[in-house]
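Taking the working numbering, the leading residue of the sequence shown gets 49, the next gets one more, and so forth. Even for Gly, the Cβ is constructed at its ideal location relative to N, Cα and C. The structure displayed is predicted, hence computed values, not measured ones. Only one structure is covered here, and it is reproduced in the block below.
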Amino acid sequence: MQAVEDKAVLSVDGEKPFYKNKNLLRLYLQMIPGTLIVSATMGYDGSMMNGIQAVDRWNIYFGYPTGSLLGIMNAILPLGAVFGIPLAAYISDHYGRRWAMTAGDIIMIIGAIIQTSSINSELRLFPLGQSLDFQASTDKRPITVAMFLVSRFVIGFGLTIAGSSAPMLTAELAHPTSRTTITSMYNTLWYVGSIIAAWVTYGTFRINNDWSWRIPALLQMIPSIINIAGVWFLPESPRWLIGNERYDEAKQILIDTHGEGDPNSELVRLEFEEIQAAIQAEMALGKQSWGQLFNSPGNRYRTFLVLCCAYFPQWSGSGLVSYYLAPVLRTIGITSQERITLINGIIQIWNMIVSMIGANLVNRLGRRVIFVSSTSLMLLAMISWTISGSQYTMHGSGAAGSAVLFSLIFFMSAYNFCWNPLSVAYPVEILTFPIRAKGVSLLVGAVKSASFFNQFVNPIGLEKLQWKFYIVYCSWLGLVLAVVFFLFPETKGRTLEEIAVIFDKDFYKTEDVEKTVLEDDKSSEKNGNLTVETKERI
């Protein structure tokens, strides 16, 4: 049978970027409290734990934890997140993205309340908020951290449920021309939470009672409260609705968000048909299960990349700054509470600025350019960090200590330009609809399992090996650079459905009808043009 191809090309919204499109602008503003704020919870936690480790009152209350005890107090949160993986995918697939976020938020609020109320074995002697004599800190009193550990496990459990659905809903609602930029912004809000926590602890460390750390612990629930209110102003994912045969609702959402309210929008028609055809073809392969992540070469490749995006950034050295900045700074002679919390606050602001710049350049530069260049700079910065740290340890050089601080900031700049925006946005866009919920849940769970190991091992490594511990990260970054250079494909200028063709070329060649919504690279750089192309085989 001879193939005859009919092609229709339509330029959509060529002169109107999203901030001049009333419907899209409203949608993206609603995403800030509706999905993006979820990332701030994790950012808040990292910066809060960084800050309170420098607060004397927290150290006194829990007996100056170090080494493995300090490690488990941090690492118990990602451990709880790992246990939340199955429930996260189940709620998201069966009840929708919004209900999954709501359930996760409620669990995190409960965890934050328990965390704020945490007690040790000395509660009878030292009630909540009562001032303590600093001399008592040298006494060997029996201390328990059980309640604090339970609270952090609960927060982690809820974080996986909310944190796996939020980036999915963001990507599935976003317009094709701005999807990557908006999805990349998800992880940059990590630093909104971290900045708030850093400056809260900078302000509360002066309080001469337990509220110096309980106030930051209590405020960890704020992003979850905002998200519970904000998510219900957003529509449900049209892809989830189509997957559950609620076609009219899905099409109306596309009309309202992508078609400027025009029911005759050609873009909406083609986008709806493309999503419907792709989902029906993928669902026809059989019952959806966790095994589908590995049931084809394309899915195994996707799963491999998802795991890379989880483990690569977590084990790159970023956790040293995110959770153990205070111990790192102490290795170069910075011990003042005020100075440590001030440096933490300044670094978090800088990190957010760099992350937002990276997120906004993803479409212009492409994923591969950012992955390769940033990882190369991270490796160079870590080598500099290692050499400077060794010089400070051996000679006590003030210049070497300053070089460590500079290397640390340079490392985090390179990390945040790439891995902060793309470690979530890239996996979300390469996963097809039937495996997206499970794939993103796997991503979040893998991130937390890597983080658990990372946060448990880092304080032990710093305590036992000091600067030599950084050599491990130099070796790891060399491996990361090789993998991203040879195995990470470019996805620039493609819709979610078209990206699938990169991984499943043989499967999509068998389809009778292909509908693709393509970004024209040249015009998108100028004005965000979207070209709609329909191909039919007869």
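Ranked by Cα distance from I508, the options T434, V376, I388 are led by V376. Straight across, the Cα-Cα distance linking T441 with T383 is about 15 Å. For T225, there is no enclosing alpha helix (DSSP H), since its DSSP letter is neither H nor E.
CA-to-CA, the gap between G159 and P264 works out to about 13 Å.
The C-alpha of Y295 lies about 8 Å from the C-alpha of P286.
When rounded, the separation of the alpha-carbon atoms in S489 and G91 is 18 Å. Residue environment analysis places D93 among the buried positions, since at least 16 neighbouring C-beta atoms fall within 10 angstroms of its C-beta. Residues of the same chain with a CB within less than 7 Å of the CB of N502, apart from the 5 flanking positions on each side, are Q362, W363, G367 in chain order.
In the structure shown, E308 falls within a coil segment according to DSSP collapsed to helix, strand and coil. Beyond the five residues adjoining it in sequence on each side, N408 comes within less than 7 Å, by CB distance, of T229 in the same chain, given in chain order. With respect to M97, V193 sits apart: the two C-beta atoms are not nearer than 9 Å.
The distance from the Cβ of A210 to that of V86 is about 5 Å, consistent with a contact at the 8 Å cut-off. The beta carbon of V240 lies closer than 6 Å to those of A88 in the same chain, with the five residues before and after it left out.
The beta carbon of A245 lies closer than 7 Å to those of Y92, S95, M96, G99, P264 in the same chain, with the five residues before and after it left out.
In the three-state scheme derived from DSSP, where H, G and I count as helix and E and B as strand, R416 is classed as helix. Here N122 carries a helix assignment [DSSP, helix/strand/coil]. The C-alpha of A123 lies about 27 Å from the C-alpha of R350. Per DSSP, reduced to three states, the secondary structure at E321 is helical. Considering only I154, S213, K512, the residue with the shortest C-alpha distance to P134 is S213.
The continuous alpha helix (DSSP H) containing K70 extends over residues 70–79. In this structure, I478 is the residue among T231, A462, I478, N399 with its C-alpha nearest to the C-alpha of F352. With at least 16 other beta carbons inside 10 angstroms of its own, I391 counts as buried. In this structure, N235 sits away from A429, with a CB-CB distance that is not shorter than 9 Å. From the listed residues Y250, M156, R227, the smallest Cα separation to G206 is found for M156.
With contacts defined by Cβ atoms closer than 9 Å, V202 and I139 do not form a contacting pair. Judged by DSSP in its simplified three-state form, L527 adopts helix. Straight-line spacing of the CA atoms in D141 and K486 works out to 8 Å. If you look at P361, you'll find it in the alpha helix (DSSP H) that goes 345–361. 9 Å or more divides the Cβ of I80 from the Cβ of S272. The continuous alpha helix (DSSP H) containing G152 extends over residues 145–164. Per DSSP, reduced to three states, the secondary structure at S272 is helical.
In the structure shown, the three-state DSSP call for S370 is helix. One thing to note: I457 has its Cβ within 9 Å of the Cβ of W398.
In this structure, S166 and M195 form a Cβ contact; the two beta carbons are roughly 4 Å apart against a cut-off of 8 Å. Take the alpha-carbon of G346 and the one of V452: they are about 42 Å apart.
Nearest to S455 by alpha-carbon distance, out of I380, T389, N71, is I380.
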